Amino acid sequence: MNVHSLRFRLSAWYAGLLAGALLLFCISVYLGLEGYLDWNAKRTLAERSRSIGAELLTQFPVKGQEWLAREINEAYAPDINSHFIRLTQADGKLLYISGAPKDGSFDPARIPLPARTDEDYSRKIEIPGKHYLLVQGLVFS
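In this text, residue positions in the sequence shown follow my numbering: the first is 18, and each later residue adds one.
Listed below in structure tokens is the structure:
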């Protein structure tokens with residue numbers, strides 16, 4: 018095999034271009050899928066937050082805090098599903114906070130309160146082990 022032949026050089030260029038195109042395709046699929054999964058997780062968290070607000074917080078003044086905790090644990094099972102739910106009033110009074118997840122993936126006590134509580138937000142919090150926790154906050158009035 019002569020590495021200086023035209024056939025070898027064309028084959029090498031073809032293989033290189035094919036490998037580059039495949040690499041570019043893989044990177045674009047990875048980034049696209051990452052963006053889609055992140056968007057979908059944010060949308061799902063927002064829908065669950067709205068569901069809690071619409072279905073449970075409207076009945077909270079009548080039924081009380083024990084009922085609210087029981088309903089959230091029953092309907093959403095945050096500790097089993099490795100989710101974190103914290104409900105606070107506008108004055109900062111805690112209505113509900115979920116327990117630690119069964120898999121121990123994060124510590125609920127280490128999740129900071131939002132800087133502002135007068136607007137909806139979505140953010141990522143870094144937790145030990147180079148993992149991120151997606152946090153969605155909605156304001157209900």
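Even glycine gets a Cβ: it sits at the ideal position worked out from N, Cα and C. These numbers were taken from a predicted model, which means no experiment stands behind them.
Beta-bridge pairing by DSSP links Ile142 to Leu150. Distance from Gly70 to Phe157 at the Cβ level is roughly 4 Å; contact confirmed, criterion being Cβ atoms closer than 8 Å. One Cα belongs to Trp30, the other to Tyr47, and the distance between them is close to 25 Å. DSSP places Thr61 in the helix class (H, G or I) of the three-state scheme. CA-CA distance, Asp135 to Leu35, rounds to 52 Å. Closest by C-alpha distance to Leu111, out of Lys119, Leu85, Asp96 and Pro118, is Leu85. When the beta-carbon positions are compared, Asp96 and Ala117 come within less than 8 Å of each other. Separation of Phe42 and Gly49 (C-alpha to C-alpha, rounded to the nearest whole angstrom) is 10 Å.
When Leu155, His21 and Leu54 are compared, the shortest CA-CA separation from Ala107 is found for Leu155.
In the three-state DSSP reduction, Leu23 falls in the helix class (H, G or I). Residues Ser139 of the same chain have their beta carbon placed closer than 6 Å to that of Lys59, with the five preceding and five following residues left out of the count. When the beta-carbon positions are compared, Arg103 and Ile89 stay at least 8 Å from each other.
With 16 or more neighbouring CB atoms inside 10 Å of its own CB, Leu73 falls in the buried class.
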